[in-house]
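Residue numbers (our numbering), protein chains in the order written: chain A, 14 to 309; chain B, 113 to 395; chain C, 21 to 339.
Heads up: the structure comes next, in structure tokens.
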């Protein structure tokens, strides 16, 4: 066997354990869900499942509610992930620059992330409350508002407040991943550039940022997929309200599958969601992934 | 960091960041030590006039607790710890092998494998839960920790692989080149060079996996029914009754649930050391 | 399952409780614990505003509320659970039937968009506009109502049995202990309806596709038996008539200061209790109606239009 062949075989063998676990557990459920999406099926099994081909998909794709929900979910995803990336990058660089208290800052970052999602949701629901909320209290005491506001009763405001709650909870992930990536970079590159006359901003954007490409890509893909599928925090803070103003595509799937019992339609929704998230992941990869530069 | 002015400015920037992190945490702790009556005060009592440790006492000394949830909280903490640690360790071991192969070794279907592995993560839990439940029931695994470990592994592995592959790729190729030319096998290279250098990445990945497993709610809720296997998020959710939500209990549970991950990150933070490659490569 | 319901059971349980599991005259299961929404008011705050008695009609409440606002006793005299939850439908049914309206007509077709229905929703919107109803009601659920009521920020609140104990007797939970009383749910004067409230009782059935129907039925009978109910009903009341009569009744009332007040209140209010339509598509239909209420309250649609759209959805689901 050639060296290259042996190499490839070693590679495959290294991947096999992971594949066995992942596929062993998810393959059957994924196939079952896919299969179910072509049926008119109900959770209560009152009647047998009826094969209806692509009808679930067609009904969904021609339903304006579906598209508005996708739009809303995209808004949530883009704003949430975008701000998390900016904040995360900034904080990562901040920590890496080691100002006084940087160790404390790095440990503190874990805390929002470590608070369980349901607690996070409940906490923010109380913070945003119109009659006894901490946000109203703080803003009033700072003199920024004169009267407690019913923030969560306005759909657009409610959506952005949910985004804020999500950013607080999820931003540490990006910050810590990027900080770890920054820590892995060789420092001499930086020093060499400084000697050559590059200022801090140039060193950041022209040297460190490009090298962080892979880390940024992974952080973005993971966070985007998670943000697009957000459910817990919506469920706790607004339950999709007011007036469906915070219903995201996962919440819609939950409603269809569990509240209304249409598991066939819920399955079809799931696959449409997967298609969207896969598309987004591919877009990121097109723009950011440069495998050939890195493999031997 | 040379100029003191720079250091001072950077320090100024850390203040709003710390405020952003700690203001909600402060409120979290405040609600855990205030009575419902007091936390409803307007204007708000930033320092409670009648602070109470009842919530903590209920959870930490099960004998005196008034609610079933508080009584069994410690057990669920143990379950969560067991599940999360198992998932993390297995993911790191199995995952780094796969990640190394996928990021460094030329082999057929590499792109497809990477995308495929990520692809399994795309289906929302809501739809997977029913077939998974039926599978688990058939194998008699319901309400036992291994069912959660396996389920979480199937979700954690793709992330672990992707994350570590990204970290591996940040390492200069030349380092490996040198080792391979010297006659090291792929596996040797992985263990003696790649893993040590990417330790910041490994620790971060481990933290991420641990937290994902620690925080997972949906499957834990569906697959567990008694304290034999219940995890912390499920216990916290049980502070919600038909109408009454024991917010104080929930916030207390949240504070306690946040402590293990913070401790872990403290322990492992010294492994996030920068500049391990200093001097290893010239130029 | 209806064949298994003995005559003893039928006679022993409140007639009104059978509303829950009965569809088209056939009982499909057994009722369980009983509950309904009550009208609670803060007696002290009401007195501060100069009133000795709670309102008997919603119109009277509005009149009292105006004075309450003027005298600055409370900024928003009443708080509701009109958020996008089933809780909103509960309040809606209470008000709708209090205005002489209905959810569905005798053919099962939606009737909530009748003139009575539209008037009711318009009334709801107006109370928010006029600052009579707390504007956050649009995002609130039962616990939020309890919280606001416990702060002393509201003079009236509509909620289930569970709230009474917590707001009137638990100092750790409430700032208004000792000030709260229940009253008969008002109706709208012009409609001639004295009172109407939502029935929130629960029931048990055994699914037709159950693998163990015998065991399931035995369990249901056990759970609903008088003995078990008397022992476990904490925030909800048992369904057996005899639990409320004679010595048993006295014992129930004497269980706590809460039951001493709420058991007689239950008896007073239960005859006016209304159930929601028992249709197979209820969750989806309810969501449509929740959305309609939300759209009207957030001024996205007019009450007429919101209700008409919801009615159209019901008709669609009926097919």
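Backbone N, C-alpha and C fix where the C-beta goes; we use that ideal spot for every residue, glycine too.
Assignment of residue 35/C by DSSP, reduced to helix, strand and coil, places it in the coil class.
Beta-bridge partners assigned by DSSP to residue 130/C: 124/C. For the set 160/A, 247/A, 137/A, the Cα lying nearest the Cα of residue 155/C is the one of 160/A. Just so you know, the alpha carbons of residue 367/B and residue 326/B end up roughly 14 Å apart. 8 Å or more divides the Cβ of residue 255/A from the Cβ of residue 243/B. Contact annotation: residue 59/C and residue 205/C have beta-carbon atoms nearer than 8 Å. Per the DSSP secondary-structure output, residue 203/C pairs in a beta bridge with 59/C.
In the structure shown, the three-state DSSP call for residue 219/A is helix. Per DSSP, the continuous alpha helix (DSSP H) segment holding residue 178/A begins and ends at 168-197. Residues of chain B whose Cβ lies closer than 8 Å to the Cβ of residue 171/C are, in chain order, 152, 153, 154. According to DSSP, residue 294/C shares a beta bridge with 218/C.
Excluding its 5 nearest sequence neighbours in each direction, residue 348/B has C-beta neighbours in its own chain below 6 Å: 362, 365, listed in chain order. In chain order, 180 place their CB closer than 7 Å to the CB of residue 96/A, counting only its own chain and leaving out the 5 sequence neighbours on each side. In the DSSP assignment, residue 179/C forms a beta bridge with 58/C. Inter-segment contact for the segment 266-286 of chain A and the segment 218-229 of chain B is absent: fewer than three beta-carbon pairs are separated by less than 8 Å. Scanning its chain for C-beta atoms nearer than 7 Å, with the 5 sequence neighbours on each side dropped, one finds around residue 253/B the residues 259, in chain order. Distances from the alpha-carbon of residue 154/B to those of 259/C, 168/C, 302/C, 149/C put 168/C closest.
Unbroken alpha helix (DSSP H) runs of no fewer than 4 residues, entirely contained in the segment 226-287 of chain C, are found at 233-244, 246-252, 261-264, 266-274, following chain order. Residue 223/C is bridged by DSSP to 51/C. Following the DSSP letters along the chain, one finds residue 362/B inside the alpha helix (DSSP H) bounded by residues 359-380.
Between residue 145/A and residue 165/A, the gap from beta carbon to beta carbon reaches 8 Å or more.
Closest option to residue 172/B, judged by alpha-carbon separation, among 164/B, 163/B, 184/B, 161/B: 184/B.
Listed as beta-bridge partners of residue 53/A by DSSP are 63/A. Per DSSP, the unbroken alpha helix (DSSP H) holding residue 263/B starts and ends at 257-281. Rounded to the nearest whole angstrom, the C-alpha separation of residue 218/A and residue 102/A is 12 Å. Cβ neighbours of residue 226/C within its own chain (closer than 8 Å, five residues either side excluded): 21, 49, 233, 236, 237, 240. Residue range 298-301 is occupied by the alpha helix (DSSP H) that includes residue 301/B. Boundaries of the alpha helix (DSSP H) around residue 106/C: 106-118.
Boundaries of the alpha helix (DSSP H) around residue 140/C: 135-149. DSSP links residue 46/C through a beta bridge to 43/C. Among the bridge pairs identified by DSSP, residue 153/C is matched with 98/C.
Contact annotation: in the segment 89-109 of chain C, no residue has its CB less than 7 Å from a CB in chain B.
Contact annotation: residue 374/B and residue 108/A have beta-carbon atoms that are not nearer than 8 Å. Within the segment 206-251 of chain A, the alpha helix (DSSP H) runs of at least 4 residues that lie entirely inside it are, in chain order, 226-241, 245-250.
Measuring C-alpha to C-alpha distances from residue 48/A to each of 196/A, 66/A, 82/A, 192/A identifies 66/A as the nearest. The beta carbon of residue 249/A sits closer than 7 Å to the beta carbons of 131, 134, 135, 138 from its chain, once the five residues preceding and following it are set aside; these are given in chain order.
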